[in-house]
Amino acid sequence: MRIWTGLAAVTVLAVALSGCGAKEETPQVASADGASPSASASASGGAGPDDKAPLLKFSQCMRANGVPGYPDPKEGANGGVDLTVPEGTDPKKVEAATEKCKSHLPGLGEVRKPDAGAIAQLRKIAQCMRDNGITKFPDPAADGKQTDPTKLGIDPLSAEFQAAQRKCQPAGSTAGPQNQSNG
Numbered sequence: 001m002r003i004w005t006g007l008a009a010v011t012v013l014a015v016a017l018s019g020c021g022a023k024e025e026t027p028q029v030a031s032a033d034g035a036s037p038s039a040s041a042s043a044s045g046g047a048g049p050d051d052k053a054p055l056l057k058f059s060q061c062m063r064a065n066g067v068p069g070y071p072d073p074k075e076g077a078n079g080g081v082d083l084t085v086p087e088g089t090d091p092k093k094v095e096a097a098t099e100k101c102k103s104h105l106p107g108l109g110e111v112r113k114p115d116a117g118a119i120a121q122l123r124k125i126a127q128c129m130r131d132n133g134i135t136k137f138p139d140p141a142a143d144g145k146q147t148d149p150t151k152l153g154i155d156p157l158s159a160e161f162q163a164a165q166r167k168c169q170p171a172g173s174t175a176g177p178q179n180q181s182n183g
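In terms of the UniProt record's numbering, the sequence shown is residues 1 to 183.
Shown next as structure tokens:
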């Protein structure tokens with residue numbers, strides 16, 4: 001499930017690529033002060049062995065720095081890379097480990113501005129989240145940024161949120177709730 005600049009404590013690697021099917025040379029990842037509502041991440045564009053090497057090093061570093069259940073990258077649908085932060089993972093440990101490990105992912109915290117199609121997809125996902133029980137889930141801003149869900153009383157690690165996200169994430173899509181905090 002596919003990278004909120006405001007709370008990387010919730011889930012760190014929430015790679016939410018803004019262009020549906022667009023290839024990223026470096027996966028987008030929430031910064032150490034940002035997080036995603038998603039418990040996993042995906043990068044589009046058929047990742048080869050060289051593409052996965054930084055992700056594997058990042059995963060190993062995360063485990064070595066207090067997040068023992070952090071997974072190795074694996075092929076997702078559509079050739080993307082899928083990482084899932086285990087439910088119940090201590091957000092403070094994730095944040096601390098991310099800070100220590102971010103050197104393994106060039107561009108950590110850099111955010112590409114999504115195009116109009118990606119923003120439209122994010123709006124559809126937001127509506128789906130609301131339709132599936134996360135009634136306070138906001139639409140993205142015009143620039144694709146999303147308000148930190150925890151500021152709205154939403155728990156991105158809750159079973160309800162995770163279930164809604166699974167239903168709302170288009171199969172094989174790299175679009176997902178792109179989380180850069182608006183405030």
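Using N, Cα and C, we set each Cβ at its ideal position, and we do this for glycine too. Since this is a predicted model, take the numbers as computed values, not measurements.
Euclidean distance between Cα positions of residue i and residue j
i, j, result
"ALA64", "LYS93", "11 angstroms"
"GLY21", "CYS128", "The predicted position of GLY21 is uncertain, since its pLDDT is 33 and thus under 50; a value taken from the coordinates is nonetheless stated next. Those two C-alpha atoms are separated by around 20 angstroms."
"ALA164", "THR150", "16 angstroms"
"ALA126", "ASN132", "10 angstroms"
"ILE154", "GLU87", "15 angstroms"
"PRO73", "MET62", "12 angstroms"
"PRO156", "VAL85", "11 angstroms"
"ILE134", "LYS167", "12 angstroms"
"GLU99", "PRO71", "17 angstroms"
"LEU152", "ALA96", "24 angstroms"
"LEU105", "GLY66", "18 angstroms"
"LYS124", "ALA159", "21 angstroms"
"LEU122", "THR147", "13 angstroms"
"THR89", "PRO138", "24 angstroms"
"THR75", "LEU83", "Per the sequence presented here, residue 75 reads as Glu, with Thr not at that position. So the two alpha carbons sit approximately 9 angstroms from each other."
"LYS57", "PRO91", "20 angstroms"
Element boundaries [alpha helix (DSSP H), containing residue i]
i, result
"ALA142", "Note, ALA142: premise wrong, no alpha helix (DSSP H); not H, not E."
"GLN146", "Element bounds for GLN146: n/a, residue is neither H nor E."
Residue i - DSSP class collapsed to helix/strand/coil
i, result
"GLN165", "helix"
"THR98", "helix"
"THR84", "strand"
"LYS124", "helix"
"LYS151", "helix"
"LYS74", "strand"
"ASP131", "helix"
"LYS23", "Low confidence applies here, because LYS23 scores a pLDDT of 33, under 50, leaving its location unreliable and the question unanswered by this model."
"LYS52", "helix"
"PRO91", "helix"
"GLY117", "helix"
"SER103", "helix"
"LYS57", "helix"
Cβ neighbour criterion (16 or more within 10 Å) applied to residue i
i, result
"LYS145", "buried"
"ALA118", "buried"
"PRO114", "buried"
"GLN169", "buried"
"ALA53", "exposed"
"LYS102", "buried"
"SER59", "buried"
"PRO68", "exposed"
"PHE140", "Note on identity: in this sequence residue 140 is Pro, with Phe being the wrong assignment. Classification of PRO140: buried, given that the 10 Å Cβ count is 16 or more."
"MET1", "Low confidence applies to MET1: its pLDDT is 33, below 50, so where it sits in the model is not reliable enough to give any reading."
"ASP143", "exposed"
"LYS136", "exposed"
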